[in-house]
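Chemist:
4 protein chains.
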Amino acid sequence: MVTTHQMSTAAVYGAGGYLGGELLRVLSAHPDIEVTQAISRTHANERVGDRAPNLDRFADLAFSPADAAVDADVAFLARPSGEAMQRVPDLLERGVRVVDLSADYRLRDPSLYARVYGRPHADPSHLDEAVYGLPELFRDDVRRARLVANPGCYPTATLLALAPLVKSHEIAGPVVVDAKSGTSGVGAEPTSTSHHPEVAGTVLPYGTPEHRHVPEMTEILRRLDGGAPPRLVFVPHLVPLVRGILCSIYPSTGPTGDADRWSELYRRAYGASPFVRVGPTPRLPWASGTNRCYLSLQRSGSDPVIFSALDNLGKGGASQAVQNANLMLGLDETAGLRTAGFAV
Amino acid sequence: MVTTHQMSTAAVYGAGGYLGGELLRVLSAHPDIEVTQAISRTHANERVGDRAPNLDRFADLAFSPADAAVDADVAFLARPSGEAMQRVPDLLERGVRVVDLSADYRLRDPSLYARVYGRPHADPSHLDEAVYGLPELFRDDVRRARLVANPGCYPTATLLALAPLVKSHEIAGPVVVDAKSGTSGVGAEPTSTSHHPEVAGTVLPYGTPEHRHVPEMTEILRRLDGGAPPRLVFVPHLVPLVRGILCSIYPSTGPTGDADRWSELYRRAYGASPFVRVGPTPRLPWASGTNRCYLSLQRSGSDPVIFSALDNLGKGGASQAVQNANLMLGLDETAGLRTAGFAV
Amino acid sequence: MVTTHQMSTAAVYGAGGYLGGELLRVLSAHPDIEVTQAISRTHANERVGDRAPNLDRFADLAFSPADAAVDADVAFLARPSGEAMQRVPDLLERGVRVVDLSADYRLRDPSLYARVYGRPHADPSHLDEAVYGLPELFRDDVRRARLVANPGCYPTATLLALAPLVKSHEIAGPVVVDAKSGTSGVGAEPTSTSHHPEVAGTVLPYGTPEHRHVPEMTEILRRLDGGAPPRLVFVPHLVPLVRGILCSIYPSTGPTGDADRWSELYRRAYGASPFVRVGPTPRLPWASGTNRCYLSLQRSGSDPVIFSALDNLGKGGASQAVQNANLMLGLDETAGLRTAGFAV
Amino acid sequence: MVTTHQMSTAAVYGAGGYLGGELLRVLSAHPDIEVTQAISRTHANERVGDRAPNLDRFADLAFSPADAAVDADVAFLARPSGEAMQRVPDLLERGVRVVDLSADYRLRDPSLYARVYGRPHADPSHLDEAVYGLPELFRDDVRRARLVANPGCYPTATLLALAPLVKSHEIAGPVVVDAKSGTSGVGAEPTSTSHHPEVAGTVLPYGTPEHRHVPEMTEILRRLDGGAPPRLVFVPHLVPLVRGILCSIYPSTGPTGDADRWSELYRRAYGASPFVRVGPTPRLPWASGTNRCYLSLQRSGSDPVIFSALDNLGKGGASQAVQNANLMLGLDETAGLRTAGFAV
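Residue numbers (this note's numbering), protein chains in the order written: chain A, 42 to 385; chain B, 42 to 385; chain C, 42 to 385; chain D, 42 to 385.
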């Protein structure tokens, strides 16, 4: 086929992990982005097809080593926090746009980063430039960005649920966020927490006394609120599922919340966003493997409760990174992201 | 063996259901109570061993029909709400002690019962006499009772977690109770909610806008508080497990809660209760098949969070009913209930 | 966009069930087939988007009633066996190509159909014309077919695994096929077998003394063998998963099987088939939501064992039906079917 | 209470692992055996109650270090293969009876042990004395034994299912054994195989080309057969469950097997064995936490198939070890083992 269609090129760091593998999966069906480098410290020089037989489009692509020179329109960094800030300066200098899936560029204040992640920030000069990659809230900024900090899975689910209320100063707080997550968020490395006999028969609260995502969420809520955001009481739980997050969110507004006005706020906030839907009680398979977030506004007695569901590897990770890259590259926001989720 | 040991006798209504089956299972190893009648509308005249090969002690016992004349020291009523209030007057008249596992005698106010359950109460005259069967809170009343209303699974987990605080007026409210439950609470009858493909791949919030257990919990909290109990925001979720409930409980006390004083309140409340343990983050297998409730007091940021875990068929159902019967019959509270739960 | 691209049209019967819903899901991203009718007895006149919020491309399409007049290039019949044979004569007469996902046209002999399904066949005159829709074995026949009998999920997994050996008369038999299936194969209707508490904690063998798929598999093996096919000992088991089938297949060839020759047989059989891969031990997520079947040839001691994995709703159902329709309509065999499966 | 009841004493090696923990759990309710030493290399000097809050009878018992001097009537060795043979000579010399839950004393031939386990046997002089601890087959030998080799979980399920047929030379072979196991058999140490995201969404065959349990099973079948036992084709699979093994066993006897004669063989073999039941299709919860094995004889077409179900930590591990100890100590075989399993 003769075509004048010009594909953008992409490099994926951490391609041997769960987020990196999901990036390859999503990009394997992308009409406009071609993966030219799949970088993996552990699997360098192995064929992608041997590690991931599900990805037959990349059957013969060899993993590049961690120090490979990257030449691509966009680089996805799906590596643990701490590594991106070592790589970003050089990538930006080479003219490579960056979507970082780690936490390195999510907080603007380097001293807060140091407190939360236990090490100084190695690249504070780019913190102000980094755009928080939640396109439904910051779409225009993402379009212009060279460097996008892709949000964590919990913050994506929580912030999409709370943004319309916080922007309109509808809630005072505290807001209880009780999150239930599948185990793929733990990553590909075995741990005692994710050992099947330990986690398959229980619901496991963790992250007390404070989960690392709380400062990230609070900072974004502050930007939305423009002042004093509601206090979050955030407790994540592992549930015996692999993919998916459901957040049950309890704003302390008491019996006076106005259901109709709230519905209207959400309609206005997300009417133009193809990946956020407000409707009935969500089911995780609807979101599985997709870039969708399903929201539902309900009442428990006279109190409001909001449910928010997404795939932690999808809208909470890899596919949101592709959405960001689409915007940064001037492509259709939904390119490569139109697959529908499962009924079951 | 010649023995003067006198066994008490028991009849189990609803012996073909999950709660009734669990009653038979627990009683099959009870040293002082002997099941003489296993009553089942559906399985009348079948052998218990044919329906439940796990219960080989009862292999040759035949299920009695629903209208069997009961002659026993205690009757367990493990039937849907609405049936117990038809049977209790006659049983009491015959001198049979009753532990009702349905909701029929949990609310003292017949008009509240009518509102919540959608039908008038058929036996209002015994509502005042009925003792709420949470022995850790009402042990002496249970000892003297002819009629015990065995609590629901969610109220047991929630009330044991909140009682020490409410009695001491430590919390104002609202209190968010986010409950995660296995599916056996649905009962043995197939429904679309409990259809495996529908529930196995998700976390399913339900019970909005108001779950039937809320009035029950609120009534007991009112008795404990002596006045205006904290408002509960209670949302149950089905998780892909069979047995077990974990409640994550968020009291709105703000950053001023006093951890040491709270720990002392729980120690004092449950020090003499063999089935309630306060300690680290609980795991559901510890409670599985047992009469135990595991509590844990923790903090999320500066806010308190309490975790409460039990087996909905055990401490949240059948084994608590046996604990109540033990007390009513003057037996050791722990008789037949000493089996330890699983590590995994 | 001005385009001369002509979409083929499709009607989906049984669009409210699991197979019908998966057909809608797959077709929602199909570049060349447009669903013009989603037919559902139960949900007639409801909007698809209200029943299936995951299918937002069809948000505003209304379900048609069961007796709707169908005008489409192809009709997918995803209804229980017994109904297709009532509809097919009329559809063919109207010039509509048919892919039947039920068992009605899988057996050529109407008396065998009557024995297996307990009713006479209502349309024996089309049995000879119907093509068994396993494209990897009968691709040219499918291309020319007006009526395709889409195989069952177990037969697809089993026949793809055994065909190269049976065609080459490599195995005598009996062949043990121990199949493990997720519960979505049960369908959307709740049953006691698929009640979550019953199936989530066990592996449940069923289908003894003879599963309905055995005659189907035996008939196809006979065609491949040209004479006396190996006897199958087929036992399906429900496992606590929603999607996916793994068949472990034990051919009785004894210690003399030649691994190299066998590998070569499979390479030759499936080298040109984009949806069958022979490789390492398969994992069900690789197949999830896709049209892929993963095969692996291994040894247990000196005996051969073959593993075959697919998604019962995908290659074992809806996506294979789309593959058949692609061939019948002269489209690219892989159109709409290129999404990669999950790593986890 | 004044009592003349004399408790036997027990030491448990490997008390911090899954099998060791299950031994403590079972023994915590044993009327005649008291655990006096819980030995754990990893947790020495910690309190059992801190590691295992489910075991409140042992809340204040401290784990002993690995080199503790053991003074007990019986020692349970729940440590990886290779360690028992280092400890047994000394224990026997001190007059301590030993139940070894590892593989060290299951094979009589030290050269076979060296081939299977990849190291020379360190205590070949006790191999002949060791009794294979399957009481249903070797009860009298166990009663007289000083050293019992507790069988593996797969061999227990397989041998109980096949013994009556092999003893009577009813089957020639090969016999396909397709085993499905929960993940607790992997042990408490995290591995990539047991990482929840990897195993929760699939059925994972493993152990090809030969599982270590095959020589063990073959050796016992040879003893039962008295000559040339049937060849086993054994393939284990991990299923997404924690506890439980179901073996589906396909003897190659062809269509001539005699169902009535077979039933009679099993009745005779197990009529006096309280822990083996022959009946309908077994369910794993029936066996969970118990010492029971459930067998079922069925047909697939004209071929026989046998299902065998047990708890790999129970009858396939810890509770069988207690059954063996009961016999060795002259106690009732069922002491401490009478708890009934779950319906669900």
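Ideal Cβ placement from N, Cα and C applies to all residues, glycine included.
Small disclaimer: the values here were computed from a predicted structure and weren't measured.
(1) How big is the Cα-Cα spacing for D:Gln47 and B:Val183?
(2) Would you say B:Leu287 and B:Lys221 are within 9 Å of each other, going by their C-beta atoms?
(3) Measure the C-alpha to C-alpha separation of A:Ala241 and C:Leu245 and round it to an integer number of angstroms.
(4) Have a look at C:Leu178, C:Asn191, C:Ala116 and flag the residue whose alpha-carbon is nearest the alpha-carbon of C:Asp145.
(5) For C:Ala23, I'd like the list of residues in its chain whose CB is within less than 6 Å of its CB, leaving aside the five on either flank, ordered along the chain.
(6) I'd like the span of the beta strand (DSSP E) that includes B:Thr77, first residue to last.
(7) By DSSP's criteria, B:Lys221 is part of a beta bridge. Which residues make up the other side?
(8) Excluding the 5 residues preceding and the 5 following D:Ser314 in the sequence, name in chain order all residues of the same chain whose CB lies nearer than 7 Å to its CB.
(9) Rounded to whole angstroms, how far is the Cβ of C:Cys334 from the Cβ of C:Leu201, which I believe are closer than 8 Å?
(10) Is it true that the CB of C:Val283 sits closer than 9 Å to the CB of C:Gly223?
(11) Note down the Cα distance separating B:Val43 from B:Ala70, rounded to an integer number of angstroms.
(12) Does the beta-carbon of D:Arg156 have 16 or more other beta-carbons within 10 angstroms, so that it is buried, or is it exposed?
(13) Answer yes if the stretch 366-381 of chain A comes into contact with the stretch 60-75 of chain A, meaning at least three C-beta pairs across the two stretches below 8 Å, and no otherwise.
(14) From A:Ser293 to C:Ser360, what does the alpha carbon distance come to, in whole angstroms?
(15) What does D:Gly159 touch in chain C if you count any residue whose Cβ is under 9 Å from its own?
(16) Quick one: which unbroken beta strand (DSSP E) runs of 3-plus residues sit fully inside the stretch 308-373 of chain D? Chain order, please.
(17) Checking contacts by CB at 9 Å: is D:Asp299 closer than that to chain B?
(18) To be precise: take each residue of the stretch 74-96 of chain A, compare its Cβ to all Cβ atoms of chain B, and keep it if any distance is under 8 Å. Which residues remain?
(19) Give every residue of the same chain whose Cβ lies closer than 6 Å to the Cβ of A:Pro165, excluding the five residues on either side of it in the sequence, and list them in chain order.
(20) Does the distance from the CB of B:Gly174 to the CB of B:Arg120 come in under 9 Å?
(21) To which residues of the same chain is D:Arg263 closer than 8 Å at the C-beta, ignoring the five residues directly before and after it?
(22) I'd like to know if B:Phe383 contacts chain D, where contact means its C-beta is closer than 9 Å to some C-beta of that chain.
(23) Return the chain-ordered ranges of every beta strand (DSSP E) run that is complete within the stretch 67-128 of chain C and spans a minimum of 3 residues.
(24) Is the Cβ of C:Ser225 closer than 9 Å to any Cβ of chain A?
(25) Taking B:Ser275 as the reference, give the member of B:Thr199, B:Ser349, B:Gly330, B:Ala300 with the closest Cα.
(26) Residues of chain B with a CB under 9 Å from the CB of A:Gly320: which are they?
(27) If you measure from the beta carbon of C:Ser209 to each beta carbon in chain A, is any gap under 9 Å?
(28) For C:Gln127, which residues of its own chain have a beta-carbon under 7 Å away from its beta-carbon, when the five flanking residues on both sides are left out?
(29) Strictly below 7 Å CB to CB, what residues from chain B border D:Trp327?
(30) I'd like the list of long-range same chain contacts for D:Trp303, defined as Cβ closer than 8 Å, with 5 residues on each side in sequence excluded.
(31) In the structure shown, what three-state DSSP assignment does D:Arg302 receive?
(32) Mind checking if D:Pro238 is an interface residue toward chain B, Cβ cutoff 9 Å exclusive?
(33) Examine the Cβ distances between the stretch 104-118 of chain B and the stretch 134-144 of chain B and report whether three or more of them are shorter than 8 Å.
(34) Counting only C-beta atoms, is C:Arg149 closer than 9 Å to chain A at any point?
(35) How is the alpha helix (DSSP H) around A:Ser233 delimited, first residue to last?
(36) Starting from D:Arg138 and walking both ways along the beta strand (DSSP E), at which residues does that stretch end?
Modeler: So, to answer that:
(1) For D:Gln47 and B:Val183, the distance between alpha carbons rounds to 36 Å.
(2) In this structure, B:Leu287 sits near B:Lys221, with a CB-CB distance shorter than 9 Å.
(3) Distance between A:Ala241 and C:Leu245, taken at the CA atoms: about 19 Å.
(4) C:Asn191
(5) It is not possible to answer for residue 23 of chain C, since the shown part of chain C is limited to 42 through 385.
(6) 74-80
(7) B:His278, B:Leu287
(8) Glu177
(9) So it is a contact: roughly 5 Å between Cβ atoms.
(10) yes
(11) Confidence in B:Val43 is poor, its pLDDT being 46 and thus under 50, which makes the residue's placement too unreliable to answer from.
(12) exposed
(13) yes
(14) 46 Å
(15) In chain order: nothing, as chain C lies at least about 18 Å away.
(16) Within the stretch 308-373 of chain D, the runs of beta strand (DSSP E) that reach at least 3 residues and sit entirely inside it are, in chain order, 317-319, 334-341, 344-351.
(17) no
(18) Considering only beta carbons, no part of the stretch 74-96 of chain A lies closer than 8 Å to chain B.
(19) Pro151
(20) no
(21) Ala269, Pro270
(22) yes
(23) 74-80, 115-118
(24) yes
(25) In the sequence as presented, Ser is not what sits at residue 275 of chain B; that position holds Phe. Considering only alpha carbons, the answer is B:Thr199.
(26) Going along chain B, no residue has its Cβ under 9 Å from A:Gly320, so there is no contact; the nearest lies around 14 Å.
(27) no
(28) Here the set comprises Ala163.
(29) Pro94, Asn95
(30) Within the same chain, and ignoring the five residues on either side of D:Trp303 in sequence, the residues whose Cβ sits closer than 8 Å to its Cβ are Pro205, Leu206, Glu211, Leu338, Pro345.
(31) Looking at D:Arg302 - three-state DSSP - the assignment turns out to be helix.
(32) no
(33) yes
(34) no
(35) Note, A:Ser233: premise wrong, no alpha helix (DSSP H); not H, not E.
(36) Start and end: 138-141.
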